[in-house]
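To start, the structure itself, in structure tokens.
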Amino acid sequence: MSEIWVLVDTTADGKIRNVTFEVLTAAAKLKEKNSATVAAVYLGESAGSIEAELGKYGADKVYKIESPALKDFNPSAYASALSEVIKKYNPDIILGGNTMQNQDFLPRVSAKTSGGLVLDAVDVDISASSTLAIKRYRYSGKSISGMTFHDIKPMMATIRPNAFKAIEKSGAAEVVSESPEVPSQENVKILETKLVPKDRPELTEADKIVSGGRGVASTENFKLIFDIADSIGAGAGASRAAVDSGYVPYEMQVGQTGKVVAPNLYIAVGISGSVQHYAGMGSSKVIVAINKDPDAPIFQKCDYGICGDLFEVLPALTEEFKKLT
Amino acid sequence: MKIVVIVRQTPDTEAKITANSSGNGIDENELKWILNPFDEFAVEEAVKIKEETGAEVVVLGIGPDRTLETIRTAMAMGGDSAIHIKDESFGSTDSYATAKLIAYKIKAMGDVDLILAGKKWIDEESGQVPIQVAAELDIPQATIATKVDVNEAAKTVKVQSEIEGGQRILELNFPALVTCERGLNEPRYASLPGIMKAKKKPLEEVTLDSIGLEELGLTKENLGIGGSRYSVDNIDIPVINRSLNVLKGGSSDMVEASEVQAAAENLTKLLREEAKII
Ligand SMILES: Cc1cc2nc3c(=O)[nH]c(=O)nc-3n(C[C@H](O)[C@H](O)[C@H](O)COP(=O)(O)OP(=O)(O)OC[C@H]3O[C@@H](n4cnc5c(N)ncnc54)[C@H](O)[C@@H]3O)c2cc1C
Ligand SMILES: Nc1ncnc2c1ncn2[C@@H]1O[C@H](COP(=O)(O)O)[C@@H](O)[C@H]1O
Chain B
24 MSEIWVLVDT TADGKIRNVT FEVLTAAAKL KEKNSATVAA VYLGESAGSI EAELGKYGAD
84 KVYKIESPAL KDFNPSAYAS ALSEVIKKYN PDIILGGNTM QNQDFLPRVS AKTSGGLVLD
144 AVDVDISASS TLAIKRYRYS GKSISGMTFH DIKPMMATIR PNAFKAIEKS GAAEVVSESP
204 EVPSQENVKI LETKLVPKDR PELTEADKIV SGGRGVASTE NFKLIFDIAD SIGAGAGASR
264 AAVDSGYVPY EMQVGQTGKV VAPNLYIAVG ISGSVQHYAG MGSSKVIVAI NKDPDAPIFQ
324 KCDYGICGDL FEVLPALTEE FKKLT
Chain C
383 MKIVVIVRQT PDTEAKITAN SSGNGIDENE LKWILNPFDE FAVEEAVKIK EETGAEVVVL
443 GIGPDRTLET IRTAMAMGGD SAIHIKDESF GSTDSYATAK LIAYKIKAMG DVDLILAGKK
503 WIDEESGQVP IQVAAELDIP QATIATKVDV NEAAKTVKVQ SEIEGGQRIL ELNFPALVTC
563 ERGLNEPRYA SLPGIMKAKK KPLEEVTLDS IGLEELGLTK ENLGIGGSRY SVDNIDIPVI
623 NRSLNVLKGG SSDMVEASEV QAAAENLTKL LREEAKII
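These protein sequence lines map, in sequence, to chains B and C. Read in order, the letters of the first sequence are residues 24 to 348 in the numbering used here. Read in order, the letters of the second sequence are residues 383 to 660 in the numbering used here.
Structure (structure tokens):
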């Protein structure tokens with residue numbers, strides 16, 4: 024095997040996202056089975072000296088694909104730049120975090136290079152026939168399937184945040200600079216970008232999540248959910264009933280038609296545990312339920328729970344969580 | 383102005399999924415099928431644009447016979463006509479081949495200004511098909527749209543797209559592709575008269591044999607569950623296997639006010655010492 028590429032995902036202010044280190048760790052696992060070079064691949068206007076940090080997480084090489092045309096994310100320009108460099112180096116495998124940006128442009132790369140792409144993998148491996156093998160959820164978390172790539176190049180996959188734990192090693196990466204020709208994108212203009220500063224972790228990347236449902240009963244009461252979430256540094260989510268009732272915005276919805284999340288800890292408060300809600304959080308490691316109805320379906324789908332009134336339980340539990348250090 | 387909405391069928395969200403006998407797909411017997419919820423937003427948006435501009439709305443779906451019902455639902459919501467690309471194997475064809483077929487048909491139509499699709503198919507959490515269609519047609523895309531404004535005279539569409547940590551407003555020249563997110567609009571219900579009328583609207587059925595697959599760089603083997611890029615080896619239906627350790631009250635199922643403090647301490651201890659999670 025030649026090279027395994029890992030796409031470098033950065034935040035708006037240029038920091039490397041943790042998921043990149045998780046994916047580098049996944050790539051290191053593949054490298055053990057099939058001696059290959061692991062290369063981190065940056066796409067953007069200017070990378071800066073990212074190689075030290077990437078080397079520490081196992082990158083042997085860093086490709087810096089830099090161009091003024093890559094300043095703002097444009098799926099077609101990014102796909103074109105990456106496809107050019109793929110054609111030059113012919114990597115076997117390309118992995119990246121399952122971020123919105125990767126989901127937006129990798130399908131175009133797959134169409135341009137005739138490579139294959141699977142999104143949102145929770146495990147990767149090398150198959151018996153030396154191709155990429157993948158595990159991913161399907162039917163909204165109701166099933167998990169094993170898939171094996173046929174012998175094509177490149178084999179691409181995005182990996183769900185938190186599926187791998189980033190492991191720091193030691194190492195240094197060699198830098199390769201590329202500046203492919205990027206066709207101008209006259210048929211699309213970016214008029215405005217609005218970034219809303221978030222005071223809590225993004226749901227899809229959060230290690231812990233507390234979600235509220237219809238039982239929380241109002242926008243004001245959601246403060247109880249935010250308070251307990253903040254006491255453990257958790258993200259805050261909601262059921263569709265809470266969103267449809269207008270308590271909180273749709274971007275907080277977890278479930279089959281909301282966000283699919285897989286934190287280590289998921290606390291469901293005043294949520295009955297419908298099939299559609301469970302589809303979005305059922306792969307969480309530990310599920311805790313707080314509900315006053317002993318017959319709520321969530322109590323058949325959780326690890327721990329308290330059968331009680333959330334307005335009494337939450338303040339007490341928040342105080343207990345605050346005592347932890 | 384011509385709009386194509388691409389729609390897909392999906393098992394009812396309540397459906398219990400079981401593996402088929404060969405273990406590489408799901409058992410489709412007795413499943414109830416619905417229009418993919420995100421595609422409802424696409425159909426609604428197309429119909430809204432039609433009401434404002436008089437645009438023509440064509441519904442396009444690929445799938446086995448049963449897909450027709452979903453296509454009719456979209457026509458009942460206001461689509462003018464439909465194209466059904468038909469083959470039994472299409473139900474599980476991978477996104478790469480699906481996109482090639484959709485792009486082929488849209489190219490053949492020649493005069494399409496706007497393509498609307500769902501943000502993702504809820505079964506697969508994928509969202510690859512529309513983007514690959516845009517790539518095949520070499521046209522711009524705006525994904526995860528929560529606002530769409532068409533300017534027919536200028537032949538542009540202004541889209542508010544959700545991005546990591548915020549939104550972005552893009553202006554795309556026609557022809558363009560937009561994928562639709564919840565919040566974009568409130569999909570109307572297909573009314574009974576609408577459903578009756580839909581049965582009489584023009585429907586073009588396209589069979590696999592009438593499409594020059596080779597021209598598209600595809601073979602029959604590329605379609606269906608075997609796929610061309612990868613194969614599905616197995617499907618596991620995880621059983622819910624959780625410890626169900628629910629703290630209850632002393633005298634009833636519910637923890638009383640006087641017992642809440644003890645329950646909170648107890649749960650915190652379990653999460654710390656047993657689950658080692660906080
Ligand atoms: C196509 C489709 C897609 C859907 N997608 C989603 C999705 O993505 N996400 C999603 O969540 N749902 C989704 N749903 C909706 C889903 O079917 C349920 O209706 C929804 O999850 C219910 O939300 P809930 O549990 O908050 O409300 P309810 O089912 O009303 O439950 C409220 C719970 O709160 C408890 N409660 C009330 N007061 C208190 C109190 N004081 N203390 C403690 N407990 C209390 C009650 O006992 C009850 O169990 C979808 C449905 C459809 C048809
Ligand atoms: N077989 C199909 N026929 C028509 N449209 C499809 C098909 N598959 C996917 N789409 C469209 O592409 C969107 C995303 O699907 P997917 O890429 O499969 O997640 C759907 O919401 C549909 O709008």
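Ideal Cβ placement from N, Cα and C applies to all residues, glycine included.
From the DSSP output, read off the bridge partner residues of residue i.
i: V429(C); result: Paired residues: none, contrary to the question.
i: P393(C); result: W415(C)
i: V309(B); result: L288(B)
i: I551(C); result: E215(B), Q542(C)
i: G331(B); result: V637(C)
i: V277(B); result: K282(B)
i: Y160(B); result: I167(B)
i: W28(B); result: A62(B), I117(B)
i: T33(B); result: I39(B)
i: H466(C); result: G443(C), E587(C)
i: F172(B); result: Y612(C)
i: S234(B); result: G260(B), A291(B)
i: A558(C); result: L496(C)
Let me see if you follow: with CB-CB separation under 8 angstroms, is residue i close to chain D or not?
i: L652(C); result: The structure shown contains no chain D; its protein chains are B and C.
Taking Cβ-Cβ distances shorter than 9 angstroms, what residues in chain B pair up with residue i?
i: L626(C); result: F322, Q323, K324, C325, D326, Y327, G328
i: L483(C); result: Here the premise fails: no neighbours, minimum Cβ distance about 13 angstroms.
i: K582(C); result: Ordered by position in chain B, no residue passes the 9 angstroms Cβ test against K582(C), which lies about 32 angstroms from the chain.
Using a C-beta to C-beta distance shorter than 7 angstroms, which residues of chain C count as neighbours of residue i?
i: M123(B); result: I545, E546
i: L218(B); result: G547, G548
i: G331(B); result: M636, V637, V642, A645
Along the beta strand (DSSP E) that carries residue i, what are the first and last residues, could you check?
i: M179(B); result: 178-182
i: Y612(C); result: 612-618
i: G445(C); result: 438-445
i: V642(C); result: Run containing V642(C): none in the beta strand (DSSP E); it sits in the alpha helix (DSSP H), 642-651.
i: A535(C); result: Premise fails: A535(C) is in no beta strand (DSSP E) and is neither H nor E.
i: G139(B); result: 139-149
When you compare the CB positions of residue i and residue j, do they come within less than 8 angstroms of one another, or not?
i: F344(B); j: I251(B); result: yes
i: E204(B); j: P114(B); result: no
i: A229(B); j: A186(B); result: no
i: V42(B); j: V64(B); result: no
i: G547(C); j: V219(B); result: yes
i: L559(C); j: I497(C); result: yes
i: E335(B); j: A639(C); result: yes
i: A182(B); j: L77(B); result: The displayed chain sequence assigns Ile, not Ala, to residue 182(B). No, the pair does not count as a contact, with Cβ atoms beyond the cut-off.
i: S234(B); j: A261(B); result: yes
i: S305(B); j: G278(B); result: Residue 305(B) is actually Gly in this sequence, not Ser. Not in contact: G305(B) and G278(B) (Cβ atoms no closer than 8 angstroms).
i: S613(C); j: M170(B); result: yes
i: V441(C); j: I431(C); result: no
i: I484(C); j: V515(C); result: yes
i: V61(B); j: I73(B); result: no
i: I545(C); j: M275(B); result: no
Output, in chain order, the set of chain C residues within a Cβ distance shorter than 9 angstroms of residue i.
i: R131(B); result: I513, Q514, A516, A517, Q523
i: V298(B); result: T395, E396, A397, K398
i: I255(B); result: I660
Given that residue i touches chain B, what residues does it touch there, using C-beta distances under 8 angstroms?
i: P446(C); result: Within 8 angstroms Cβ-Cβ: nothing; P446(C) doesn't reach chain B, min ~17 angstroms.
i: E586(C); result: The contacting residues do not exist; E586(C) stays about 25 angstroms from chain B at best.
i: N533(C); result: Chain B residues near N533(C): none, gap ~13 angstroms exceeds 8 angstroms.
Output the boundary residues of the alpha helix (DSSP H) element that contains residue i.
i: H300(B); result: 298-304
i: V515(C); result: 511-519
i: L105(B); result: 98-112
Using a cut-off of 7 angstroms between C-beta atoms, extract the partners of residue i located in chain B.
i: Y612(C); result: G139, V141, M170, T171, F172, H173
i: Q510(C); result: P130, L140, L142
i: I504(C); result: S163, Q279, T280
Report the neighbours of residue i on chain C: residues whose CB is nearer than 8 angstroms to its CB, in chain order.
i: F344(B); result: T650, I660
i: V309(B); result: L653, A657, I659
Can you give me, in chain order, the residues of the segment 192-215 of chain B that have a beta carbon less than 7 angstroms from any beta carbon in chain C? N210, V211, K212, I213, L214, E215
With 9 angstroms as the limit, tell me which residues of the segment 161-179 of chain B have their beta carbon closer than that to any beta carbon of chain C; keep them in chain order. R161, Y162, S163, G164, K165, S166, I167, S168, G169, M170, T171, F172, H173, I175, M178
To be precise: take each residue of the segment 259-290 of chain B, compare its Cβ to all Cβ atoms of chain C, and keep it if any distance is under 7 angstroms. Which residues remain? Y273, Q279, T280, V283, N287, L288
Interface residues of the segment 557-577 of chain C facing chain B [CB-CB below 7 angstroms]: R564, G565
Determine which residues of the segment 32-53 of chain B have a Cβ less than 7 angstroms from any Cβ of chain C, and write them out in chain order. For the segment 32-53 of chain B, which is checked against every Cβ of chain C, the residues closer than 7 angstroms are A35.
Scan the segment 397-417 of chain C for residues whose Cβ lies nearer than 7 angstroms to a Cβ of chain B and list them as they occur along the chain. I399, I408
Give, in chain order, every residue of the segment 96-111 of chain B whose Cβ lies closer than 9 angstroms to some Cβ of chain C. F96, N97, P98, S99, A102
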